[in-house]
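Written out as structure tokens, the structure reads:
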């Protein structure tokens, strides 16, 4: 037996100076200890960044929401947040809830194993290695680059590891063919096809993070309407009899495609039917074999998905699809781009007014909607402590080969001033200005490179091939932008402080831009001084070093307006 409530299976980092756990080190705790004393832990520590949102969604958040309910309004949420810890009454409610459902959290319980289907098996009784659960392990077509293991290597997972990777699989598993199991009427020839990735694999996950685990829980449980009566976590949907379309049970091999009933349903979505096979080894109890079969397929909806931003389709494009007989959703989840810093997506993070999300959707580009959680936080931002060190963590997975393999894992975190969540505030405009300037500076450097290459008789570097100097500049600007984000936490609605921050940013950004530009100029061949003449659409263009430099300086003056004005005044 291995009960997740009591066994020490979750590594945590304690708050500095706490007496409950050793100072400065890591500790491992069970669910009960973690939740009842969430204020003494900074956060959980995971094997892979994508494990964190999985554990929060599959366990921590639904446990709190189902046991305590949702804060009814902004005032109630603010009161809980200001308290800094669960009250004695709330601890009693959590403890009673855990006691009532204790038997449903045992990883190896014979009748109701947590997150699994008891007795799940194939027709021939086949199993696969436990590496099937581990995103970083080689198995089948999924062979991570530089993996130290091959599919033939036996992987023994401790119960703690197995629990974490089980939860991860429900959220992030690869798509395509899955093993067919006894009792699944939709399996054919020993397999099921058309399986999508786990639900988080379809999103660009965004999680607001606080100073303690307690604050993080509150930041991810918004206030508002109470859950529906049929919105239940997976451990309360375990009926073995009846039609799954009515019971919504995840305790049998049967599965269905549907939308979530609410947050609890969506957070604990069982996208696979799984069974772990533990065995005694010289090192102790280990999980070495598993069965992973098809599970419920989620139709993602903004109504029940708080952890992603959204793209609103261009009206003309949506109308065209409808005319062709398709009915596309008006919005779709916005996924992260590997290699692209999180701050470059601030436009979407700060698109607070979802009711007017289509305002930014034009004939040429799509619009954005922020995540539900950040939108809710914008409503209470005035009541949060000034200079509160809000962090936003972004995670995602890039799949390849029809989403059947994992190509890359995305993780980034940025400091986000709470005052930036107010779309009418000063900091909001300051941040979007800085991000827009960074992108335009990168474009200016790319134009400079293109002009010099044309003067030498070459074509500009294609945007989708090779390393362009603008990419180098954005990498150089990254720490400067992050320092600006941190510094603006204390700005509040102080216009002068925000302006000083933006002026300092422009000064540093200009110096960084010229460093990259100088590298571009250093590659100029002697012939660039005389240049080259070309004719396009009946119009003559002259490309030479002097005109390229002049155009570059003009672009910088137009982008960095404060620096330009300061030079003119001096």
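In my numbering, the protein residues as written are 27 to 596.
Ideal Cβ positions, reconstructed from N, Cα and C, are used throughout, including at glycine.
This one's a predicted model, so the numbers in the text were calculated from it and none came from an experiment.
If I measure Cβ to Cβ from residue 20 and keep anything under 6 Å in the same chain, skipping five residues before and after, which residues do I get? This structure does not reach residue 20, given that the chain is present from 27 up to 596, and the question cannot be answered.
Shorter than 8 Å from the beta carbon of residue 463 to some beta carbon of chain C? Given the protein chain composition of this structure (a single chain), no chain C is represented.
The alpha helix (DSSP H) enclosing residue 521, as first and last residue numbers: Following the DSSP letters along the chain, one finds residue 521 inside the alpha helix (DSSP H) bounded by residues 521 to 548.
Whole-angstrom distance between residue 591 and residue 435, CA atom to CA atom: CA-to-CA, the gap between residue 435 and residue 591 works out to about 43 Å.
Residue range of the alpha helix (DSSP H) that includes residue 299: No alpha helix (DSSP H) contains residue 299, which is instead part of the beta strand (DSSP E) from 298 to 307.
Helix, strand or coil, according to DSSP, for residue 271 in the structure here? Residue 271 falls in the helix class under three-state DSSP.
Assuming the contact rule is C-beta atoms closer than 8 Å, residue 17 and residue 406 should be a hit. Round their C-beta distance to whole Å, please. Here the chain comprises residues numbered 27 to 596, so residue 17 is not present and cannot be evaluated.
Using beta-carbon positions only, say whether residue 38 and residue 205 come within less than 8 Å of one another. Judged by their CB atoms, residue 38 and residue 205 are not nearer to each other than the 8 Å cut-off.
Minimum C-alpha distance to residue 89 - residue among 327, 58, 465 and 66: Proximity to residue 89 across 327, 58, 465 and 66 peaks at 58, based on C-alpha coordinates.
From residue 403 to residue 470, what does the alpha carbon distance come to, in whole angstroms? Near 36 Å, if we compare the C-alpha coordinates of residue 470 and residue 403.
Given residue 445 as reference, the closest of 512, 585, 439 and 486 once Cα atoms are compared: Answer by Cα proximity: 512.
Please say whether residue 338 and residue 397 have beta carbons closer to each other than 8 Å? Not closer than 8 Å, so no.
I need the boundaries of the beta strand (DSSP E) containing residue 393, first residue and last residue. Run containing residue 393: 393 to 395, per the beta strand (DSSP E) assignment.
Less than 8 Å between C-beta atoms, sequence neighbours within five positions excluded: which residues of the same chain meet that for residue 244? Cβ within range, chain order: 103, 106, 107 and 236.
Taking the beta carbon of residue 388 as the centre, do at least 16 other beta carbons fall within 10 Å, making it buried, or is it exposed? Interpretation of residue 388 is limited by its pLDDT of 48, a score under 50 that renders its predicted location unreliable; the figure taken from the coordinates is listed afterwards. Its Cβ having fewer than 16 others within 10 Å, residue 388 is exposed.
With respect to the alpha helix (DSSP H) encompassing residue 115, which residues constitute its N-terminal and C-terminal limits? Residue range 114 to 126 is occupied by the alpha helix (DSSP H) that includes residue 115.
On the DSSP bridge list, what partners appear for residue 29? Residue 29 is bridged by DSSP to 132.
Is residue 287 helix, strand or coil when you go by DSSP? In the displayed model, residue 287 falls within coil according to three-state DSSP, outside both helix and strand.
How far does the alpha helix (DSSP H) with residue 579 in it reach, from first residue to last? Where residue 579 is concerned, the enclosing alpha helix (DSSP H) stretches over 571 to 585.
Taking Cβ to Cβ, would you say residue 369 is nearer than 8 Å to residue 507? In contact: residue 369 and residue 507 (Cβ atoms closer than 8 Å).
Would you mind stating whether residue 193 and residue 64 have Cβ atoms separated by less than 8 Å? Contact flag unset, no.
Using the beta-carbon count (16 or more within 10 Å), is residue 399 buried or exposed? Residue 399 should be labelled buried.
Judging by CA-CA distance, which residue of 225, 217, 148 and 138 is the nearest neighbour of residue 84? Put simply, of 225, 217, 148 and 138 the residue whose alpha carbon is nearest the alpha carbon of residue 84 is 225.
Run through the stretch 78 to 107 for me and flag every whole alpha helix (DSSP H) of 4 or more residues, listed as ranges in chain order. Within the stretch 78 to 107, complete alpha helix (DSSP H) segments of at least 4 residues are found at 87 to 94, given in chain order.
Distance, Cα to Cα, residue 534 vs residue 570? The alpha-carbon of residue 534 is positioned some 28 Å away from that of residue 570.
By Cβ distance, which residues of its chain are closer than 8 Å to residue 202, with the 5 residues on each side in sequence left out? Closer than 8 Å at the Cβ level, and outside the excluded window around residue 202, lie 219, 221, 428, 429 and 430.
Taking one C-beta from the stretch 184 to 198 and one from the stretch 249 to 257 each time, how about it: are there three or more such pairs within less than 8 Å? The stretch 184 to 198, when compared against the stretch 249 to 257, does not touch it at the 8 Å Cβ threshold.
Specify, as a first and last residue, the run of the alpha helix (DSSP H) that residue 507 falls within. 495 to 513 is the span of the alpha helix (DSSP H), which, as asked, contains residue 507.
Taking 8 Å as the cut-off, decide whether the C-beta atoms of residue 6 and residue 478 are in contact. Past the boundaries of the shown model lies residue 6; the chain is included only from 27 to 596, so the question cannot be answered.
When you compare the stretch 283 to 300 with the stretch 320 to 327, are there three or more beta-carbon pairs, one atom per stretch, that lie closer than 8 Å? The stretch 283 to 300 makes contact with the stretch 320 to 327: 3 or more CB pairs, one atom from each, lie closer than 8 Å.
Are the beta-carbon atoms belonging to residue 313 and residue 154 less than 8 Å from one another? Cβ distance not < 8 Å, so residue 313 and residue 154 don't count as in contact.
Check for me: the beta strand (DSSP E) holding residue 330 runs from which residue to which? Taken as a continuous stretch (DSSP letters only), residue 330 belongs to no beta strand (DSSP E), as it is neither H nor E.
Does residue 280 pass the burial test, meaning 16 or more other C-beta atoms within 10 Å, or should it be called exposed? Classification of residue 280: buried, given that the 10 Å Cβ count is 16 or more.
In the DSSP output, which residue or residues are listed as bridge partners for residue 417? DSSP, once it has assigned bridges, lists 235 and 441 as partnering residue 417.
Rounded separation between residue 329 and residue 252 - CA only: When rounded, the distance between both Cα atoms is 14 Å.
So what does DSSP say about residue 466, is it helix, strand or coil? Shown here, residue 466 sits in a helix according to DSSP, grouped into three states.
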